[in-house]
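Shown next as structure tokens:
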């Protein structure tokens, strides 16, 4: 087979013009900007814009949902038999002129959409009106009730998370063993008992068998910190029981799925400590669905506050709403309903924004 002859080598020195042209091409190529897709920081900039866009869409969705809820609450209040005029004037001994005068002062003689428009403007300024029952502004009552409900909700979240997450991990690690069976049996018992039954039982135990440990009547923190802690102990235990059980069950299911992944097997094969595998690798990768579930449970917790605050006579939003419904305090009913709806929408939006931070795979979606 004939061997091809190599190209003949260039004889003599390279011309200066060709050398200068090559240098100019090299310098111009160095000055060329990199394409956006290949820039080192282009990916971070794109992800940052996606995150900002997602946050903006969530905030816009929150505003639209709250507007829809406010319109629905106001319309339902207007459709209920009777109105604020009958509560203020009374049913007996009142003339039609008195009713008409009160309706004119309250603006109830205007069309419904104008009433809603003026009411919404006042709400945006922090003015929910005046309660015809107490004679105080609704905003002042809300500022007294919100801290009580917020404290109970946050304490419940902390307790249920600190107990539910480790217990769920332990149950997943010892799946189908005696400890796991014991934990699941306790969960079954907790799911079977209604929250008001747990509250009544704890109330009976606290008032009859351990009166020095628990206190039934509510005491503010500024008045007596020790008595405040004792007065919040039973409500906290009552509402933390089901929330902790649900968190434990969700953690067990999520961690159990993660423990069968190949990287967990690899970590064990290379000698990583078991505790590190359980809490750093398994629990960390199982957190996104757990956080979503906890956020959903917080929404349910808002409804549970109504029952708990009524049982233990806590001056919170739930008890305030029930009293307002019983006394037909329409401004208070609409205000508390709107606050509950705003809290529920805010919690769900916060969970949606936290999810991409916990799961990087969701950041580009």
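Numbering (our numbering), first residue to last: 935 to 1299. The beta-carbon is built from N, C-alpha and C at its ideal position, and this holds for glycine as well.
Opening and closing residue of the alpha helix (DSSP H) in which residue i lies
| i | result |
| --- | --- |
| residue 1103 | 1072-1107 |
| residue 1110 | First-last for residue 1110: undefined, no H or E at that position. |
| residue 1189 | 1159-1192 |
| residue 1237 | 1217-1245 |
| residue 1137 | 1129-1138 |
DSSP-derived helix/strand/coil call for residue i
| i | result |
| --- | --- |
| residue 1200 | helix |
| residue 1064 | strand |
| residue 1278 | helix |
| residue 1044 | coil |
| residue 983 | helix |
| residue 1004 | helix |
| residue 1014 | coil |
| residue 1143 | helix |
| residue 1151 | coil |
| residue 1059 | coil |
| residue 1248 | coil |
| residue 1207 | coil |
| residue 1156 | coil |
| residue 1069 | coil |
| residue 1124 | helix |
| residue 894 | With the chain covering only 935 through 1299, there is no way to say anything about residue 894. |
| residue 1019 | helix |
Residue(s) in a DSSP beta bridge with residue i
| i | result |
| --- | --- |
| residue 1261 | None; residue 1261 has no bridge partner. |
Own chain, CB closer than 7 Å to residue i, minus 5 neighbours either side, in chain order
| i | result |
| --- | --- |
| residue 1005 | 1050 |
| residue 1288 | 1225 |
| residue 1165 | 1149, 1151, 1152 and 1153 |
| residue 973 | At residue 973 the pLDDT is 49, less than 50, meaning the model places this residue with poor confidence and gives no usable figure here. |
| residue 1190 | 1106 and 1109 |
| residue 1285 | 1225, 1226 and 1229 |
| residue 1065 | 1072, 1075, 1263, 1265 and 1266 |
| residue 1124 | 1175, 1176 and 1179 |
| residue 1101 | 1117 and 1182 |
Status (buried if at least 16 other CB within 10 Å, exposed otherwise) for residue i
| i | result |
| --- | --- |
| residue 1266 | buried |
| residue 1105 | buried |
| residue 1263 | buried |
| residue 1215 | buried |
| residue 1255 | buried |
| residue 1126 | exposed |
| residue 1274 | buried |
| residue 1047 | exposed |
| residue 1269 | buried |
| residue 1131 | exposed |
| residue 1250 | buried |
| residue 1200 | exposed |
| residue 1243 | buried |
| residue 1280 | exposed |
| residue 1083 | buried |
| residue 1196 | exposed |
| residue 1245 | buried |
| residue 1168 | buried |
Spatial neighbours of residue i in its chain, beta-carbon cut-off 6 Å, leaving aside the 5 residues before and after
| i | result |
| --- | --- |
| residue 1063 | 1072 and 1265 |
| residue 1230 | none |
| residue 1097 | 1178 |
| residue 960 | For residue 960, the pLDDT reaches just 42, beneath the cut-off of 50, and the residue's location in the model is therefore unreliable, leaving the point undetermined. |
| residue 1183 | 1121 |
Same chain, Cβ closer than 8 Å to residue i, neighbours up to 5 away in sequence not counted
| i | result |
| --- | --- |
| residue 1060 | 1073 |
| residue 963 | Summary for residue 963: the model assigns pLDDT 43, below 50, so the residue's position carries little reliability; its value from the coordinates is reported in the next sentence. Answer for residue 963: no residue qualifies. |
| residue 989 | 1287 |
| residue 1220 | 1185, 1188, 1189, 1191 and 1192 |
| residue 1129 | 1172, 1173, 1175, 1176, 1238, 1241 and 1242 |
| residue 1011 | 1264, 1267 and 1268 |
| residue 1087 | 1232, 1235, 1236 and 1239 |
| residue 1170 | 1086, 1089, 1090 and 1093 |
Check: residue i C-beta below 7 Å from any heavy atom of the ligand SAH
| i | result |
| --- | --- |
| residue 1275 | The model depicted lacks the ligand SAH and carries no ligand whatsoever. |
Neighbour flag for residue i against chain C, beta carbons, 8 Å
| i | result |
| --- | --- |
| residue 1109 | Of the protein chains in the structure, only one exists, and it is not chain C. |
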